[in-house]
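I have placed the structure first, in the form of structure tokens, so that the comments after it can refer back to it.
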Amino acid sequence: MIRTLVESAFQTGYLSVESEGLLQQVLATKCWKEQDLSALATLYNAVRAGQIKREASSSNVLMEFPLPYKSC
Numbered sequence: 335m336i337r338t339l340v341e342s343a344f345q346t347g348y349l350s351v352e353s354e355g356l357l358q359q360v361l362a363t364k365c366w367k368e369q370d371l372s373a374l375a376t377l378y379n380a381v382r383a384g385q386i387k388r389e390a391s392s393s394n395v396l397m398e399f400p401l402p403y404k405s406c
């Protein structure tokens, strides 16, 4: 699911509030794959570089980066 949300953000150029919330929910399960974190890191970098715009109005960091990863 993480990779799908990241792909959507790159296709539209925006990270919606809904997608960001879903990412947080998935990460809260503490169950993801290494490829998910790689995609998430790419998204972080794109947001920081201004390639992807956040729909959320807060200036807070996208979200905390989950480490270490846990495979389910």
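In this text, residue positions in the sequence shown follow this note's numbering: the first is 335, and each later residue adds one. The beta carbon of each residue, even a glycine, is placed where N, CA and C say it ideally should be.
- By the criterion of a C-beta distance shorter than 7 Å, I336 is surrounded in its chain by L357, V360, W366, D370, A373, L374, once the five residues flanking it on both sides are discounted.
- Here the C-alpha atom of T346 lies approximately 17 Å from the C-alpha atom of G355.
- Bounds of the alpha helix (DSSP H) holding T376 are 368–383.
- Residue pairing of L349 in beta bridges, as defined by DSSP: R388.
- Between V351 and A390, the CB-CB gap stays under 8 Å.
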